[in-house]
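Peer 1:
Protein chains: 2
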Amino acid sequence: MDGPVDMISPSQADSERARLVELAMRAIGRTGENVTRTALATEARLPRARIDALFPSEDELFDAILEQWYAPAIAIMEEAVASDLPIRRKFYEFFARRFLRERARYREDPAAFAVYCEIGSDKIENVRGYIDLADHYLSELIAQAQEDGYFAGLGINRALSLINQMVACYTSPYMMLIIEERLAEDKLAAIIDTLFDGLRAEARGAAPVVGLRIA
Amino acid sequence: MDGPVDMISPSQADSERARLVELAMRAIGRTGENVTRTALATEARLPRARIDALFPSEDELFDAILEQWYAPAIAIMEEAVASDLPIRRKFYEFFARRFLRERARYREDPAAFAVYCEIGSDKIENVRGYIDLADHYLSELIAQAQEDGYFAGLGINRALSLINQMVACYTSPYMMLIIEERLAEDKLAAIIDTLFDGLRAEARGAAPVVGLRIA
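Chains as they are written, first to last, in the numbering used here: chain W, 1178 to 1392; chain E, 1178 to 1392.
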């Protein structure tokens, strides 16, 4: 009513933020480095004050980029957890759909993908929340699997760690950079089946018997 | 007898080469970049001609460094393959002993370890032979396991690829850099037991039925 003439509604601000995040992501892919608010202002041909009003700190800009980067993965995980697929199929969709999406991003622009990996690794504290969220959803799936009798005797965190390690080639952006040509959906499916039939707490002979270690 | 006075025997040349490779490796750790023959001459306080006589090209110096880097891993793999341990124990020793050695190198100097990773990735063609050699030894172990009835129905190359992917956290130097604190021998043993009891060709429900894919 009587606000400043350039006052914008929350939803307008959201859509402008989203547009600027898109611009920022394209700039990252093009320049090979993270984008500052100063660079984004130039990129968007907007006054710096406008950028600052939408992203009050560099960290808020980066977090907005991360949010946009991870949104599709979160949607995939939520759908897989909520689906009424049999448990092995849930696990497969949980990993495979994210893998296929990341692979598409990688193939579209391998250099930009590598830049994102590097930035993510520099800003690992900002990324941590997304890793924790993925662990949260996977823990839910593990609990569902254990109700069906799988992963017998393992605590959730132990099962989580072992499963994360066994599927790391399909979730780690670094592995995508190194061995993308060796990754395939049917191999991921074979790994999921292996987990379901082989993973439990009982030791079955791989570990050395204490005191009987070979030199 | 009547050769030049500075003529050295092949075994002297070998031990001087080994000493220079040690120096080169320390220089790489200290400077954070690969070492040229010029830099090595300065490092060793030797005439450049002497270095060139021992390493006729930059590539030969780099290959000598690689050879020294991988020698312990090769010895471990050969011992594991030749041992008369039960097959699960062989697999475990094959991976665990190399992992423990790499982890010791990593913990001794994480920054130098990271530099080696980067150089190795820049010179992947030189490294390829060692990766192929590890695949060769693992293929032997897989054949032994299949004689005992494990990994039923899988071709050697297929089993090799799946196993390499499932243990990648324990063989990839990149994963060491990222998640070293989450890697542990007892987890590796659990993964090996999982492989032995779960890995076979038969599809058991993880993969989508063709034409019935969820959106």
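From the three backbone atoms N, C-alpha and C, an ideal C-beta is built for every residue, glycine too.
Near arginine 1214 of chain W, what residues of its chain come up, given a Cβ to Cβ distance below 8 angstroms and the 5 sequence neighbours on each side ignored?
Peer 2: Excluding positions up to five away in sequence, the list reads Arg1225, Ile1228, Asp1229, Phe1232, Glu1235, Leu1238.
Peer 1: Any chance the region 1255-1265 of chain W sits against the region 1310-1322 of chain W, with 3 or more Cβ pairs inside 8 angstroms?
Peer 2: In short, these stretches touch, since the Cβ pair count reaches three.
Peer 1: Below 6 angstroms CB to CB, which residues in the same chain sit around isoleucine 1264 of chain W once its five sequence neighbours on both sides are set aside?
Peer 2: These residues qualify, in order along the chain: Gln1321, Ala1322, Asp1325.
Peer 1: Assuming contact is defined by CB atoms lying nearer than 9 angstroms, are isoleucine 1308 of chain W and valine 1344 of chain W in contact in what I supplied?
Peer 2: Going by C-beta atoms, isoleucine 1308 of chain W is not nearer than 9 angstroms to valine 1344 of chain W.
Peer 1: Using only alpha-carbon positions, find the residue among E/Arg1335, E/Arg1282, E/Phe1276, E/Thr1371 that is nearest to tyrosine 1327 of chain W.
Peer 2: Among E/Arg1335, E/Arg1282, E/Phe1276, E/Thr1371, the Cα nearest to that of tyrosine 1327 of chain W is on E/Thr1371.
Peer 1: Is there a Cβ of chain E sitting closer than 9 angstroms to that of phenylalanine 1276 of chain W, yes or no?
Peer 2: Judged by the 9 angstroms Cβ criterion, phenylalanine 1276 of chain W is not in contact with chain E.
Peer 1: Anything in chain W within Cβ reach of glutamine 1245 of chain E, meaning under 7 angstroms, just list it in chain order.
Peer 2: The premise fails here: glutamine 1245 of chain E is roughly 22 angstroms from chain W at the closest Cβ pair, so nothing lies under 7 angstroms.
Peer 1: Measuring only between beta-carbons, confirm whether serine 1298 of chain W sits less than 9 angstroms from chain E.
Peer 2: Closer than 9 angstroms to some Cβ of chain E, the Cβ of serine 1298 of chain W qualifies, so yes.
Peer 1: Using a Cβ-Cβ cut-off of 8 angstroms (strictly less than) and excluding sequence neighbours within five positions of alanine 1288 of chain E, which residues of its own chain qualify?
Peer 2: The answer, listed in chain order, is Gly1206, Gly1209.
Peer 1: Count the other C-beta atoms from every protein chain shown that fall within 10 angstroms of the C-beta of arginine 1359 of chain W, then say buried if there are 16 or more, exposed otherwise.
Peer 2: When all chains shown are included, arginine 1359 of chain W counts as exposed.
Peer 1: Quick one: which chain W residues come within Cβ less than 7 angstroms of cysteine 1346 of chain E?
Peer 2: Those are Gln1342, Ala1345, listed as they occur along chain W.
Peer 1: Measuring alpha carbon to alpha carbon, tell me which of E/Ala1248, E/Leu1354, E/Ala1252, E/Ile1333 ends up nearest alanine 1291 of chain E.
Peer 2: Nearest C-alpha to alanine 1291 of chain E: E/Leu1354.
Peer 1: Any chance you could list the alpha helix (DSSP H) runs of at least 4 consecutive residues sitting entirely within the region 1229-1290 of chain W, in chain order?
Peer 2: Whole alpha helix (DSSP H) segments, 4+ residues: 1235-1259, 1264-1285.
Peer 1: Determine, for threonine 1213 of chain E, whether the minimum Cβ-Cβ distance to residues of chain W falls below 9 angstroms.
Peer 2: No, because no Cβ of chain W sits closer than 9 angstroms to the Cβ of threonine 1213 of chain E.
Peer 1: Cβ of proline 1385 of chain W less than 9 angstroms from any chain E Cβ?
Peer 2: True, the Cβ-Cβ gap to chain E drops below 9 angstroms.
Peer 1: Assuming alanine 1384 of chain W and aspartate 1363 of chain E make a contact with CB atoms under 8 angstroms, what is their CB distance in whole Å?
Peer 2: With a Cβ gap of about 7 angstroms, alanine 1384 of chain W and aspartate 1363 of chain E count as contacting.
Peer 1: What's the call for isoleucine 1306 of chain W, buried or exposed, on a 16-neighbour Cβ count within 10 Å?
Peer 2: Isoleucine is not the amino acid found at residue 1306 of chain W; the sequence shown has glycine there. Exposed: under 16 other Cβ atoms inside 10 Å.
Peer 1: For isoleucine 1356 of chain W and alanine 1216 of chain W, I'd like the C-alpha separation in whole angstroms.
Peer 2: Roughly 33 angstroms between the two C-alpha positions.
Peer 1: I'd like to know whether the C-beta of leucine 1339 of chain W is nearer than 9 angstroms to at least one C-beta of chain E.
Peer 2: Judged by the 9 angstroms Cβ criterion, leucine 1339 of chain W is in contact with chain E.
Peer 1: Out of E/Ala1311, E/Glu1244, E/Ser1188, point me to the one whose CA is closest to phenylalanine 1272 of chain E's CA.
Peer 2: Measuring from the Cα of phenylalanine 1272 of chain E, the nearest candidate turns out to be E/Ala1311.
Peer 1: Three-state secondary structure (DSSP) at valine 1386 of chain E?
Peer 2: Valine 1386 of chain E falls in the coil class under three-state DSSP.
Peer 1: Whose C-beta lies closer than 6 angstroms to the C-beta of alanine 1336 of chain W among residues of the same chain, with five residues either side of it excluded?
Peer 2: Cβ neighbours of alanine 1336 of chain W beyond the five flanking positions: Ile1319, Phe1328.
Peer 1: Excluding the 5 residues flanking arginine 1194 of chain W on each side, which residues of the same chain have their C-beta closer than 8 angstroms to its C-beta?
Peer 2: Leu1231, Phe1232, Ala1241.
Peer 1: Could you say which of W/Arg1266, W/Leu1339, W/Ala1361, W/Met1202 lies nearest to glycine 1297 of chain W if we only look at CA atoms?
Peer 2: Measuring from the Cα of glycine 1297 of chain W, the nearest candidate turns out to be W/Met1202.
Peer 1: When the cut-off is 9 angstroms and only beta carbons count, does aspartate 1374 of chain W lie next to chain E?
Peer 2: At least one chain E Cβ lies under 9 angstroms of aspartate 1374 of chain W.
Peer 1: List the residues of chain A whose Cβ lies closer than 9 angstroms to the Cβ of methionine 1352 of chain W, in chain order.
Peer 2: Considering every chain present, this structure includes no chain A. Its protein chains are W and E.
Peer 1: Grab the span of the alpha helix (DSSP H) containing phenylalanine 1373 of chain E for me, first residue to last.
Peer 2: It spans 1362-1375 - the alpha helix (DSSP H) in which phenylalanine 1373 of chain E sits, taken as one unbroken run.
Peer 1: Under a Cβ-count criterion, where at least 16 other Cβ atoms within 10 Å of its own Cβ denotes burial, should valine 1386 of chain E be classed as buried or exposed?
Peer 2: Counting Cβ neighbours within 10 Å, valine 1386 of chain E comes out exposed, since fewer than 16 surround it.
Peer 1: Any idea what DSSP makes of aspartate 1299 of chain E, helix, strand or coil?
Peer 2: Aspartate 1299 of chain E: helix per DSSP, three-state reduction.
Peer 1: Got a sec, what are the start and stop residues for the alpha helix (DSSP H) serine 1186 of chain W sits in?
Peer 2: Careful: serine 1186 of chain W lies outside any alpha helix (DSSP H) and carries neither H nor E.
Peer 1: Does any C-beta atom of chain W lie closer than 9 angstroms to the C-beta of alanine 1380 of chain E?
Peer 2: Chain W, which has a Cβ nearer than 9 angstroms to the Cβ of alanine 1380 of chain E, makes this yes.
Peer 1: Can you tell me whether DSSP reads valine 1344 of chain W as helix, strand or coil?
Peer 2: Three-state result, valine 1344 of chain W: coil.
Peer 1: Assuming contact is defined by CB atoms lying nearer than 9 angstroms, are glycine 1375 of chain W and leucine 1376 of chain E in contact in what I supplied?
Peer 2: Yes. Within cutoff.
Peer 1: So, helix, strand or coil for tyrosine 1327 of chain E, using DSSP?
Peer 2: The answer is coil: DSSP assigns tyrosine 1327 of chain E none of H, G, I, E or B.
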